[in-house]
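The opening position of the sequence shown corresponds to residue 1 in full-length UniProt numbering, with each subsequent residue numbered one higher. Written out below as structure tokens is the structure these notes cover.
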Amino acid sequence: MALDRIMLRLKGLAQAFRNLTTPVKILVVGTFLAVTFSTAFVFYQINRPELALLYGRMNERDMALVVEQLKQQKVPYRIEGDRIFVPKDRLYEVRLALAREGIPRGTGVGFEIFDEQRLGATEFVQRVNYQRALQGELARTIAAMDKIEEARVHLVIPEETLFVEDQKPPSAAIVIRVKEGQQLTSRDLQGMVHLVSSSVKGLTEDHVTIVSTDGRVLYKKDSIDRSFELSELQLSYKEKIEEALERKAQSMLASVLGANDVIVRVSADVDFSEVHVTEELFDPDTTAVRSQQRMIERSNQEPGGPKGNPDVPINVESKLLVSKPPQGGEGESTQIFERQQDITNYEINKTLRRVVYAPGAIKRLTVAVVVDGPYKEEKTADNVIKKVFVGRSEDELKAIESIVKNAVGYNPDRGDEITVSNIPFAEEIAPKPAPTRWWLAMLKEHRRLIVNVLLALLVLLFVVRPLIKKLEKIPVEVQPKALPPTEEEMAELEAMKKALTPRQQAALFVQERPEKAAEIIRAWLHEEEA
1 MALDRIMLRL KGLAQAFRNL TTPVKILVVG TFLAVTFSTA FVFYQINRPE LALLYGRMNE
61 RDMALVVEQL KQQKVPYRIE GDRIFVPKDR LYEVRLALAR EGIPRGTGVG FEIFDEQRLG
121 ATEFVQRVNY QRALQGELAR TIAAMDKIEE ARVHLVIPEE TLFVEDQKPP SAAIVIRVKE
181 GQQLTSRDLQ GMVHLVSSSV KGLTEDHVTI VSTDGRVLYK KDSIDRSFEL SELQLSYKEK
241 IEEALERKAQ SMLASVLGAN DVIVRVSADV DFSEVHVTEE LFDPDTTAVR SQQRMIERSN
301 QEPGGPKGNP DVPINVESKL LVSKPPQGGE GESTQIFERQ QDITNYEINK TLRRVVYAPG
361 AIKRLTVAVV VDGPYKEEKT ADNVIKKVFV GRSEDELKAI ESIVKNAVGY NPDRGDEITV
421 SNIPFAEEIA PKPAPTRWWL AMLKEHRRLI VNVLLALLVL LFVVRPLIKK LEKIPVEVQP
481 KALPPTEEEM AELEAMKKAL TPRQQAALFV QERPEKAAEI IRAWLHEEEA
């Protein structure tokens, strides 16, 4: 019966629409189409898959390869400039599929150029292909760094010559594009230079240049500010010393007091001056014989002459030897004189020392230690347990100070200073997690379905239903009823009925009065049951 009523309602609407004038029909059809398309557009926007960035800033060659693969895999996508978007729920699946195909390939070609060897390739072609492959591989490696978005490498590799003096050195130029919000340090540039110079035979850092895409020279051997580079290295060295000393003290105190009950900070004053010292030391107590000379002189002289030589220096040992006169002589006798002279030169012990003190020595340490606790629990008047700070004794603080001194290498001659403070730490109150409600989780999970249902109800209630009501209110032209039969027609009908058989009369009765026929049959059934 419900279906019959619906069909009857639809027939009435169709009849009402047919009875409308042409302008009204156009208005109704236009309104219906506008509502239909608007509803369809809203449904599409709501149920459209959420897109995520697949790849950005791609070159045209890689973009064409990616689009071709997406079409083969029947993955919906959207292109915005040099970026490609795919459904978020299939993002990683698509990336893995593209990586399996070696896409994107990046700028240039790599050593895959040798995967397809051509017969008859000359040595020149092989050398050029090798240079192209090396440039492409270096560019890919540099582009894989965190701060680099795109890179290109140009190499100049001269041919080898027979004579070394005629051999020209290779050179390299690197063009890079830095990611937005990133800034390269001198260490980053130095790392790129080391990478390229170590990858090309005979290439030195002096022949490597780095340029940005906006034309600025980022690295050139002659233009490097050594003072800035040195200061950056010095700061890094100072921070490493401080971090190492902090870890030593922190690890020891954490084992005793607890990891969350102690904080150690170290400030190191580092001397980066390079000192050259030359020392020349003399030891007068230690001597050594440098040279020695001995002279012996013999002569015949009359007796009574002078003996010895007054001009002999202190370090000359002189001896006068007088020979005995010959026996048996008469008259005057002669004497034979013999003199011996020894000269000895001594050298004083001397030590020459040249000492070079390397930079990086610690001049002074300043250590600050903050210790928390202990606490004790007390009940308030409201029977609420509250932690009260007690503090540590002087002996405990001195023991902590002694531990820190031994850990950091305390040296009083340098003027090192260590401060230990016992202060209660601020209690971090973790935010309470918001209570999770099941209906919120359900709304979040099925939000699209709920929005679709609500939108459909709104369309039915505020668009379709008022339109149907307006159509029902349109007056329908009543068809004129048939004229009542005349007496002659009635007589003919009665004659035709009499000519019919009982079965035909019963069928005609059922056709003309179906409700009455149903009542008669129902009465017969009740009589048979009785």
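All C-beta atoms, glycine included, are put in the ideal place defined by N, C-alpha and C.
With fewer than 16 other Cβ atoms from the protein chains shown falling within 10 Å of its own Cβ, Y346 counts as exposed.
Residues of the same chain with a CB within less than 8 Å of the CB of E205, apart from the 5 flanking positions on each side, are V193, H194, S197, K221 in chain order. Minimum Cα-Cα distance from E401 among the listed residues A368, T287, D382, Q183 corresponds to A368. With at least 16 other beta carbons inside 10 angstroms of its own, D416 counts as buried.
Residue range 394-408 is occupied by the alpha helix (DSSP H) that includes A407.
E60 carries a helical assignment under DSSP once its states are collapsed to helix, strand and coil.
Here the alpha carbon of T351 sits roughly 20 Å from the alpha carbon of S291.
For R78 and L70, the gap between their C-alpha atoms comes out near 11 Å. Counting only residues of its own chain and dropping the five nearest sequence neighbours on each side, L455 has a CB closer than 8 Å to the CB of T39, V42, F43, I46. The criterion of a C-beta distance shorter than 7 Å is satisfied by A139 and V153. Leaving aside the five residues that flank V356 on each side, the residues in its chain whose CB is nearer than 8 Å to its CB run, in chain order, E274, V275, H276, V277.
As DSSP reads the structure, N422 sits in a beta bridge with V371.
A residue is called buried once 16 or more other Cβ atoms fall within 10 Å of its Cβ, and L27, having fewer, is exposed.
A distance of 7 Å or more separates the beta carbons of V388 and E396. Using a 10 angstroms sphere on the CB of A288, the tally of other CB atoms stays under 16, which defines it as exposed. When the Cα atoms are used, L235 and R247 turn out to be separated by approximately 18 Å.
By the criterion of a C-beta distance shorter than 8 Å, D269 is surrounded in its chain by I362, K363, R364, L365, T366, once the five residues flanking it on both sides are discounted. Spanning the alpha carbons of R339 and Q293 requires a straight line of approximately 14 Å. By DSSP's assignment, D269 forms a beta bridge with R364. In this structure, the alpha-carbon of K25 lies about 24 Å from that of L458. T141: member of the alpha helix (DSSP H) spanning 123-143, first to last residue. Inter-residue distance for L508 and E527 is about 24 Å (C-alpha atoms, whole angstroms).
Selection G215, N260, E512 evaluated against P424 yields N260 as nearest (Cα-Cα). Under the three-state reduction of DSSP, K201 is assigned to coil, being neither helix nor strand. The DSSP-derived three-state label of A173 is strand. Scanning its chain for C-beta atoms nearer than 6 Å, with the 5 sequence neighbours on each side dropped, one finds around E280 the residues L352, in chain order.
In the structure shown, the three-state DSSP call for A288 is strand. Counting C-beta pairs with one atom in each stretch, the segment 79-97 and the segment 124-141 have fewer than three that are closer than 8 Å, which means they do not touch. Residues T209, I210, V211, S223 of the same chain have their beta carbon placed closer than 8 Å to that of V217, with the five preceding and five following residues left out of the count. For F111, there is no enclosing beta strand (DSSP E), as DSSP marks it with neither H nor E.
By the Cβ rule, the segment 6-24 does not count as touching the segment 440-451, because fewer than three pairs are nearer than 8 Å. When beta bridges are read from the DSSP output, L155 appears opposite A172. Between L54 and L91 a beta carbon distance of about 7 Å is seen, short of the 8 Å cut, so the two are scored as contacting.
The three-state secondary structure of Y77, taken from DSSP, is coil.
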